[in-house]
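A short worksheet on the structure shown next.
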Amino acid sequence: MASFVDRVVVHATGGNGGHGCVSVKREKFKPLGGPDGGNGGDGGSVILRVDGQSTTLLGFHHAPHQKAPNGEPGKGDMRHGFKGQDLVLSVPDGTVVKDREGNVLADLLGEGSEYVLAAGGMGGRGNAALASPKRKAPGFALLGTPGEEQEVELELKSIADIALVGFPSAGKSSLIAAMSAARPKIADYPFTTLVPNLGVVQAGDTRFTVADVPGLIPGASEGKGLGLEFLRHVERCAALVHVIDCATLEPGRDPLTDLDALEEELAHYAEAVRDEDPTAVPLTERPRLVVLNKVDVPDARELANFIRPELEQRGYPVFEVSTASHEGLRELGFAMAALVSEAREQEERRAEEQRTVTVLQPEPARRRRGRDRREFVITREDRAEEPLYHVRGEKPERWVLQTDFNNDEAVGYLADRFAKLGIEDELFRIGAKPGNAVLIGPEENGVVFDWEPTMLGGAELLGGPRGTDLRMEETSRPTRREKREQFYDRMDAKSEARAELEEERRAGIWTESVDEARSRRREGGTGETKESDDSE
154 MASFVDRVVV HATGGNGGHG CVSVKREKFK PLGGPDGGNG GDGGSVILRV
204 DGQSTTLLGF HHAPHQKAPN GEPGKGDMRH GFKGQDLVLS VPDGTVVKDR
254 EGNVLADLLG EGSEYVLAAG GMGGRGNAAL ASPKRKAPGF ALLGTPGEEQ
304 EVELELKSIA DIALVGFPSA GKSSLIAAMS AARPKIADYP FTTLVPNLGV
354 VQAGDTRFTV ADVPGLIPGA SEGKGLGLEF LRHVERCAAL VHVIDCATLE
404 PGRDPLTDLD ALEEELAHYA EAVRDEDPTA VPLTERPRLV VLNKVDVPDA
454 RELANFIRPE LEQRGYPVFE VSTASHEGLR ELGFAMAALV SEAREQEERR
504 AEEQRTVTVL QPEPARRRRG RDRREFVITR EDRAEEPLYH VRGEKPERWV
554 LQTDFNNDEA VGYLADRFAK LGIEDELFRI GAKPGNAVLI GPEENGVVFD
604 WEPTMLGGAE LLGGPRGTDL RMEETSRPTR REKREQFYDR MDAKSEARAE
654 LEEERRAGIW TESVDEARSR RREGGTGETK ESDDSE
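Put into structure tokens, the structure is as follows:
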């Protein structure tokens, strides 16, 4: 089984950020020394890095799920959590990162090139970092945010200067073995080469790489054979070399027919990949050489001499070679080196033309209002004949993830942050009314609440135990009916209290009637009571 894999699907997950700590310093002679909760550590990120020692994506084929470590939570006594270590994944040079829709996210070229596949979550701030002159001892901390999750497709496109293209058993593997130190598998049956092979060739002062891909057959662009699956490895090559078998005994095949079939399949493939990189030079417009192989066979040499004028008339440089006797390999090597040198010079000129002068400009002054910075967008949606205001933005969504909704003080802090960002003003501007539903975040995991403007602002001026917010308490204004009922209840309670006092007087506990004393005070009299006169 071949150990070469050039296309895999990777599921990457960044580490979660550690939660902040809620702690108050307590020690001898300092029972309430202030908040000392530490911050949580950031989660680790999943990073792709080009490694020269890596040549295949086989490791991701066996382990497609990759997750970075989480950050540690904060602790008391101002001890911050450790940051999660980044997970660095080694990939070969020429790896292309695509999303599941086929969009190119990164093209990793050159030793050490990196791409952050899944960023780690942010660590939450402890209550020591949230303290302020008005909020001296916060009873809450911010939660760590979860790491990013991303599913991508890694596709390997080999970095080679020259690509050998030909039918199966045309001698491509033998040619690369004769010209370089590469030792691919060579046998006398079709599709011996199952994976691309790379070899380094030295021709004079020029050193270049040659790629040998599995053989092409008619219909390869429609999925027949193995060539279509590996044609991506010739996309980055500066020139193509058609290796033609002049000693084949298969019926219906000859060098000219084979060349036409190869050109047709390359044209179909170039048309299919044109949308991926419109700026790249199509395969049909790259420089070409034609190699008439196996001329050590007498019949093959005679055939090569016969068709050579026809190929040269088409504009192809033609070389007659033999991998067995090494005939013509030196001339072929120098011809390849000339094409490579020319392509490298053109690339340098193109890079020089695209180079621009960097102009340093001061950053524009930021506006104070949140809506002017466009840090969030609010759209109105109708759900079940009721308005729903959908808030999207990097900051609001992150703040929601950092909030512990079981802590009223944390919820109040979130409301204050929204007010300072300008969300309340924007809701007023677009016509939102108290009690309307507001959704913050995406549909699948957003937070929905009923908007109450009176809950916003002024949390620092409210007192109460840590972890509580007076604005979160259920407070409502009584109606007229409720006020009337409360008034009658108070009057009935007073009547019952007077009746109880009168019964106690009649029982001898008191010597004067409450009603008579009230009437006497009302009349202003100072004489004795009626009962006193009767007793005399």
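Heads up: the sequence shown runs through residues 154 to 689, numbered per this note's numbering. Glycine included, every Cβ here is placed at the ideal spot set by N, Cα and C.
Counting C-beta atoms within 10 angstroms of its own C-beta, ASN458 has fewer than 16 neighbours from the protein chains shown and is therefore classed as exposed.
Taking C-beta separations shorter than 6 Å and ignoring five residues to either side along the sequence, the partners of GLY170 in its chain run GLY193, ASP195, GLY196, GLY224, GLY274, MET275, GLY276, GLY297, THR298, following chain order. Taking a 10 Å sphere around the C-beta of GLN303, we find 16 or more other C-beta atoms and assign the residue as buried. Counting only the Cα atoms, GLY265 lies some 26 Å from ALA392. Shortest Cα-Cα distance from ASN280 to any of PRO226, VAL163, MET489, ILE312 involves PRO226.
The Cβ-Cβ distance between VAL474 and GLU465 does not fall below 9 Å.
Here ALA356 carries a strand assignment [DSSP, helix/strand/coil]. Pairing GLU547 with PRO595, the inter-Cα distance amounts to about 11 Å. For the 9 Å CB-CB criterion, VAL162 and LEU307 form a contact. Contact annotation, GLY167 with ALA221: C-beta distance approximately 5 Å; criterion of less than 8 Å satisfied. Annotated three-state conformation of HIS543 is strand, per DSSP. In the three-state scheme derived from DSSP, where H, G and I count as helix and E and B as strand, GLY486 is classed as helix. Beta bridge pairing from DSSP links ARG533 with TYR542. In this structure, VAL544 lies away from PHE558, with their beta-carbon atoms at least 9 Å apart. For PHE182, no alpha helix (DSSP H) run applies, since DSSP gives it neither H nor E. A direct Cα-to-Cα measurement between ARG497 and ALA423 gives close to 22 Å. DSSP places ASN280 inside the alpha helix (DSSP H), whose first and last residues are 280-283. Between the alpha carbons of ALA568 and GLY173 lies a gap of roughly 19 Å. Put simply, of ILE397, THR410, PRO188, ALA646 the residue whose alpha carbon is nearest the alpha carbon of ASP230 is PRO188.
Sixteen is the threshold: when 16 or more other Cβ atoms of the shown chains lie within 10 Å of the Cβ of LYS236, as they do, the residue is buried. Beta-bridge partners assigned by DSSP to SER243: ARG202.
One thing to note: GLY584 has its Cβ no nearer than 9 Å to the Cβ of TRP604.
Within its own chain, the residues whose Cβ lies closer than 8 Å to the Cβ of ARG551, once the five positions on either side in sequence are excluded, are MET275, THR298, listed in chain order.
Within 10 angstroms of the beta-carbon of MET644 lie fewer than 16 other beta-carbons, which makes it exposed.
The DSSP-derived three-state label of HIS214 is helix.
If you draw a straight line from the Cα of LEU442 to the Cα of ASP365, it is about 15 Å long. The continuous alpha helix (DSSP H) containing ASN458 extends over residues 451-466. Between VAL396 and LEU328 the beta-carbon gap is near 6 Å, inside 8 Å, which marks them as a contact.
Taking a C-beta distance under 9 Å as the contact criterion, LEU240 and VAL318 do not qualify as a contact pair. Short of 6 Å from the beta carbon of PHE487, and not among the five residues preceding or following it, lie these beta carbons of its own chain, in chain order: ALA356.
Excluding sequence positions up to five before and after GLN555, its CB lies within less than 7 Å of the CB of GLY277, LEU295, LEU296, THR298, all in the same chain and listed in chain order. A straight line joining the alpha-carbon of SER322 with that of SER243 spans about 34 Å.
Counting along the chain, the unbroken alpha helix (DSSP H) around ARG651 starts and ends at 633-659. Between ALA259 and ALA165 a beta carbon distance of about 13 Å is seen, past the 8 Å cut, so the two are scored as non-contacting. When secondary structure is reduced to three states using DSSP, PHE293 falls in the coil class, being assigned neither helix nor strand.
Secondary structure note for ILE397: its beta strand (DSSP E) is the uninterrupted segment 392-398.
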